[in-house]
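So the working numbering is basically just the index in the sequence shown, starting at one, shifted up by 1340. Idealized CB from N, CA, C, for every residue including glycine. To start, the structure under review is shown below, and the notes come after it.
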Amino acid sequence: MPLPLTMSIARIALDIPLATLFDYTVDAAMDVAVGQRVIVPFGTRQMLGVVMECVASSDMDAAKIKPITRALQDCAPLSHELLRLLNFCSEYYRYPIGQTVLPALPTRLRSDEPIVVKSIVSYRLSAQGAALDLSALPKNKKVQLRILNLLLVRAHSKAELKAVATTVSAALKLLVSEGWVEEFDVTQNPHLNPLPQAGEEANEKCHLFNGAHTLTVEQQVAVDAVTSAQNFQCFLLHGITGSGKTEVYVHLMHHALQRDGQVLLLVPEINLTPQLEDYFRSRFPDVDITSLHSGLSERARLENWLDAQQGRAKIILGTRLSVFAELPKLALIIVDEEHDASFKQQDGLRYSARDVAIFRASQRGVPIVLGSATPSLESFHNAQTGRYKMLTLQQRANASARLPTVRCIHTKQNLMKDGISEILLREIELRITRGEQSLLFINRRGYAPVLMCGGCGWLSDCKNCAGKMVLHLQDQRLRCHHCGYQIRPPKVCPDCASNDLHPIGSGTQRIEEVLQERFPTARILRVDRDSTRNKRAWQTMREQIHANEVDILVGTQMLAKGHDFPALTLVGVLNPDSALYSSDFRASEKLYAQLAQVSGRAGRADKAGEVIIQTEFPDHPLYRALQRHDFNGFAAEQLAERDMAGFPPFHFQAILRAEGKVEGEVYAYLNQARTAAMALAHPVEVLGVVPAALARRANHVRAHLLIQASSRRALQTFLRDWQFDLDAIPHHKLRCALDIDPLEF
Ligand code: ADP
Ligand code: ZN
Ligand code: ZN
């Protein structure tokens, strides 16, 4: 409930890198509430801000306080719940409040341009249309029939109907000209979901719920546990791939929807969202579903955000930023693939959307479900120690679908052809003859082709970074994946003029070439960031794969995620080893998750799958655990190691990062920060100063300082005190950031 402002000072969040609110006076005639967007003078500019508090007096010199210029009335004030969440984030992640609040809003709400809610064209049956006997219509008018069937349930917006088929517009035009369907504007007529007429459908709110499976015992236990939670509780749904986690989500959503609640489903990747949206639309055809992610146009993001804010949208699918959506009827949060690193924002407010979601659920008093086949060790540990409730799905939902067999091939003891073993090539050949698909999975890290001179050993270093530039065959460029610097590949070695320049390591393009040579008639599809930048392109590729128009898929982690390809029976993993000996203590955890996920692609339907891992270390415990599908064993071993080493989840970390053009300045800053940290004598460990994993990027030297504490509280208390010191150390030439619960080093 927005509070009317009775007092005369408004404290306002502005998008400015200062950890403070700004005081303004409120004109008596002005209608200003907490959470409202206002325009205020700042220096010589007018800026948009959000009223965070209304107070009676200010510490500032009364003569200096300026009045609010104008209050925007085009949108309801932000809720207290959201403001509290943002305050928490600003505090916890040690980031300025204004730079936390404003970026959480859709861009359009950050400008003073008034929101014009565009009319939303919707369609409903006319009286004539409602009287039609659909079974008497010609069966070949499929699209028209589908539309009529949907409209029979309720009115639909054009956007919703577009999900039906690509030819919807033409079909709608015909239906309207027949006089069966009418157009109307929802914003003029917000009762989009008329309740069922008495006598029609029984008492229950009629959320259609298509194609429900009879739940397995494990699924039912999970659904019952969550639906019986009266208040906040965090559940970890640990289910192997194919165990039917999605089906559990659908049942939980159904439960929440029946109580008129909103459900927030957080997913890691943007490119999964359209597919997921179609899926949930097909399961809940009469429910308003919307999505929130950075791939949307500004206008669409605003509209979807307003749909959620006004409670129209009942299911909200989104990537990490949607954790800040207004959800007045929020009843359940689900975080799918909760272990995924993309829930962590790596700049600005460096928040973990999963962790913020947990805070949000607790603040709201609703259950939250974290789902994964390979939970993060943090969540797994929390579930084992009872902070979260563990729900386990150990069986595949479809009883005939078996888990794939996992086999390791020793790269040093087997014949290899350009990075692919002869054994794997023969298995691929076998799949081609059987009309089945194979997937070759490449771990991009350390495997992208770098140009090397056979004469002197010259490597294609980036001139700005400590990294190497990668050869892109398609457009003949050497490109740095860190800073974007690119050049045409040299014809001869820049150091010794030898013309023996060749790529080492194999990227997806290189692998594709090798396969095409070996299987000239095979249909090969490369799926990586380059080839899927365009959303439509990825959609088309998925359709090709489903139609079995592809024999071999070559790709990076993109391919591992959430896709169900029924004809896929072989997965080859080409170069996983580098992660085993990485300096990043989470590398093994990430590798296990990735391989388990990619293995889950094999044999999801009724065909048994096989996974072949090419490795120099076939006996490594990680591969052994993977072969036994023993996540728990793997996790136990990793957790024991982490405990010994004093790493998360047993300790809590924060990193102070600094980068700058001059090495001396970077280290001087960090060393002073270190001295100050030690002087505080808090019960925390101060480690470093050390160079970052990528010690130089885009001509900037990068280094950091690591703080560890045995509890979150100890860490937070320390950080609060340390902040005063950090602010006092001069650093205007540097880019500095505190990263709480960091995932990268
Ligand atoms: P996950 O998300 O855990 O990998 P999915 O939810 O995608 O698994 O389910 C895998 C497959 O099993 C899907 O095709 C789904 O339709 C099917 N499935 C899920 N639950 C059941 C069930 N109770 N009975 C039969 N099939 C099911
Ligand atoms: Zn050379
Ligand atoms: Zn570079």
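query	result
Val-2029 versus Arg-2037, Ala-1998 and Ala-2038, residue with shortest Cα-Cα distance	Ala-1998
Segment limits, alpha helix (DSSP H) that includes Pro-1961	1961-1967
Where the beta strand (DSSP E) containing Thr-1586 begins and where it ends	From DSSP, Thr-1586 is part of no beta strand (DSSP E) but of the alpha helix (DSSP H) over 1585-1598.
Distance cut-off 8 Å: Ser-1583 Cβ against heavy atoms of ligand 1	yes
heavy atom of ligand 1 below 8 Å from Ile-1580 C-beta	yes
Other residues of its chain near Val-1832: CB distance less than 6 Å, five sequence neighbours each side excluded	Asn-1839
Contact test: Arg-1736 Cβ vs ligand 1 heavy atom, cutoff 8 Å	yes
Glu-1678 Cβ short of 8 Å to ligand 1 heavy atom set	no
Contact set for Phe-2058: own chain, Cβ-Cβ below 6 Å, skip 5 residues either direction	His-2022 and Val-2024
Residue environment, Val-1951, which counts as buried when at least 16 other CB atoms sit within 10 Å	buried
Leu-1358 burial status per 10 Å Cβ neighbour count (16 or more: buried)	exposed
Thr-1630 in three-state terms, based on DSSP	strand
Option nearest Leu-1426 by Cα separation, candidates Val-1607, Glu-1666, Ser-1634 and Arg-1652	Glu-1666
Beta bridge counterpart(s) of Cys-1748 as assigned by DSSP	Ile-1953
Heavy atom of ligand 1 within 8 Å of Gln-1934 beta-carbon	no
Whole-angstrom C-beta distance between Leu-2027 and Leu-2046, which should lie under 8 Å	4 Å
Rounded straight-line distance, which links the Cα of Glu-2005 to that of Thr-1360	27 Å
Which of helix, strand or coil DSSP assigns to Asp-2065	helix
Cβ distance (whole Å) where Ala-1350 is taken to contact Ile-1408 below 8 Å	6 Å
Inter-residue Cα distance where the pair is Gly-1651 and Ala-1671	12 Å
Check whether Gly-1375 and Val-1390 have beta carbons under 9 Å apart	yes
Interface flag, Arg-1819 vs chain C, CB-CB below 9 Å	Structure shown: chain C not included; a single protein chain is present.
C-alpha gap between Pro-1715 and Ser-1348, whole angstroms	50 Å
Contact test: Asp-1904 Cβ vs ligand 1 heavy atom, cutoff 8 Å	yes
Every unbroken alpha helix (DSSP H) inside the stretch 1657-1729 [4 residues or more]	1693-1704 and 1717-1724
Proximity winner among Arg-1599, Trp-2062, Ala-2019 and Arg-1700, relative to Arg-1424 (alpha-carbon distances)	Arg-1700
Contact the stretch 1620-1637 vs the stretch 1675-1690: 3+ CB pairs below 8 Å	no
Supposed contact pair Gln-1734 and Thr-1556 - C-beta distance, whole angstroms, cut 8 Å	Actually they do not touch by this definition, with Cβ atoms about 10 Å apart.
Thr-1365 beta carbon near ligand 1 (any heavy atom closer than 8 Å)	no
Three-way DSSP call (helix, strand, coil) for Ala-2049 in this model	strand
Meets three-Cβ-pair contact criterion under 8 Å: the stretch 1953-1964 and the stretch 1747-1760	yes
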